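2 protein chains.
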Amino acid sequence: MLEATWQLIAEVGYRRVRIADIAKRVGTSTGTIHYHFDTKEDVLDAAFRYAVADSRSRSEEAIAGIDDPWERLVALLDAHMPREDLRREWVIWLQLWNEASVRPELRSLNETHYGRWIDLVESIVLDGQERGAFRQIDARAFVMRLLTMMDGAAIQVTMGSIEFRLERVRTLLLGFAREQLLP
Amino acid sequence: MLEATWQLIAEVGYRRVRIADIAKRVGTSTGTIHYHFDTKEDVLDAAFRYAVADSRSRSEEAIAGIDDPWERLVALLDAHMPREDLRREWVIWLQLWNEASVRPELRSLNETHYGRWIDLVESIVLDGQERGAFRQIDARAFVMRLLTMMDGAAIQVTMGSIEFRLERVRTLLLGFAREQLLP
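Which chain is which? The protein sequence lines are H and P, in order. Residue numbers 1 to 183, in this note's numbering, belong to the letters of the first sequence in order. Residue numbers 1001 to 1183, in this note's numbering, belong to the letters of the second sequence in order.
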């Protein structure tokens, strides 16, 4: 049910999703949806949480079994690039940020998720530095720069920007990481 | 009327704004609003355009009378940092991107606005390079990296992120620009 809900949010937008639409997509009654969730906002918040969990498990899968720090970093970034098949996920982040900008109670979800995302990428950088594969730059500042750059660029890809095509964005991000990290 | 409308959008969110709310804020009748605009979406699209024009004139004011390329760049970035008094503007961008992700007809507004924003910052960088004040890096790639980083970081500031405080974000952005541009 949560997967169907977040797909619906990504397609038509959080504000346009109605309980009846969710029930129809899941193939159940609106009563069943209401049995599990008190309000429409509860359903949608749960769908956001689902998207966060989905993103996290994709991160883990992406780097499992890779030992080389640079390859780990590239695999992790590639697992979250705004590819066509991940377009829905980026639309979800945009909606979460948008909703949270006027509903402060949603901000803790961003804080937790984004904090863990930074920690994960930083752990790869620190590991690479310990092993002598990466330069001794300020790992935290680098990761904050890299991931905010990724968010801003992903927005432009999601907007269908002519200049920010996926391949160009990938080159900008990996080029930045290479220049900063590799000796 | 447009200023009041975009302020309303920034406060309660695009999806929650009603024609009646706009009329009340402006101090007129809903009939007057409808006389100028066919649909609610027309009003809101016009408000987005107002925000874009407002942002552009703030850019021009920020750099007027400054000759030094580095000082011009810093003044321009400072004029758009997600300061508390510009919070509403960043909320507007988030809403524009969010709406445009499910309403493709709004994307041309982002394309034009963002294109001009990149061009403006790039022109300062190119001028600095011609005058020998900046290093001969790929100006376009640098500006694309810098401005997407600014967007992603501004989102986190707008989310009230503990780690992404305004001063930290300013240091991350200006530190990146300094490292890339200054000899």
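Beta carbons: idealized from backbone N, C-alpha and C, even for Gly. Note that the structure is predicted; figures quoted are calculated from it, not measured.
Below-7 Å beta-carbon distance, residue i vs any chain H residue
i	result
P/I1033	no
P/I1155	yes
P/L1086	no
P/R1025	no
P/W1070	no
P/E1089	no
P/G1188	Only positions 1001 to 1183 of chain P appear in the structure, and residue 1188 of chain P is not among them; the question remains open.
P/F1176	yes
P/E1111	yes
P/A1004	no
CB of residue i within 7 Å of CB of residue j, strictly
i	j	result
P/A1075	P/R1058	no
P/L1044	H/N98	no
H/R88	H/A4	no
H/P69	H/D21	no
P/I1033	P/A1047	no
H/A51	H/W117	no
H/W90	H/T158	yes
P/V1012	H/G13	no
H/R107	P/R1015	no
H/R72	H/I63	yes
H/M149	P/M1149	yes
Terminal residues of the alpha helix (DSSP H) in which residue i lies
i	result
H/S55	K40 to I63
P/A1020	I1019 to V1026
H/P69	P69 to D78
H/D127	R107 to E130
H/G31	T30 to H36
P/Q1136	Here P/Q1136 belongs to no alpha helix (DSSP H), and DSSP marks it neither H nor E.
H/E163	It is not in any alpha helix (DSSP H) - H/E163 carries neither H nor E in the DSSP assignment.
P/E1003	L1002 to V1012
H/I92	R87 to V102
Supposed close pair residue i, residue j - CB separation, criterion 8 Å
i	j	result
P/A1153	P/L1173	7 Å
P/V1026	P/M1001	5 Å
P/E1122	P/R1145	Between P/R1145 and P/E1122 the Cβ distance is about 12 Å, and since that is not below 8 Å, they are no contact.
P/F1134	P/V1125	6 Å
P/L968	P/L1096	With chain P represented from 1001 up to 1183, any question about residue 968 of chain P goes unanswered, as that position is not in the structure.
P/R1170	P/M1081	6 Å
P/I1155	H/E111	The Cβ separation is near 12 Å, so there is no contact.
H/R83	H/L166	6 Å
Interface flag, residue i vs chain P, CB-CB below 7 Å
i	result
H/A139	no
H/S193	Nothing can be reported for residue 193 of chain H: it is not among the residues displayed for chain H, which extend from 1 to 183.
H/D151	yes
H/L73	no
H/T158	yes
H/S108	no
H/A100	yes
H/T148	yes
H/R56	no
H/Q136	no
Cβ-heavy atom distance, residue i to the ligand MN, below 6 Å
i	result
P/V1017	The model on display carries no ligand, and the ligand MN is accordingly not part of it.
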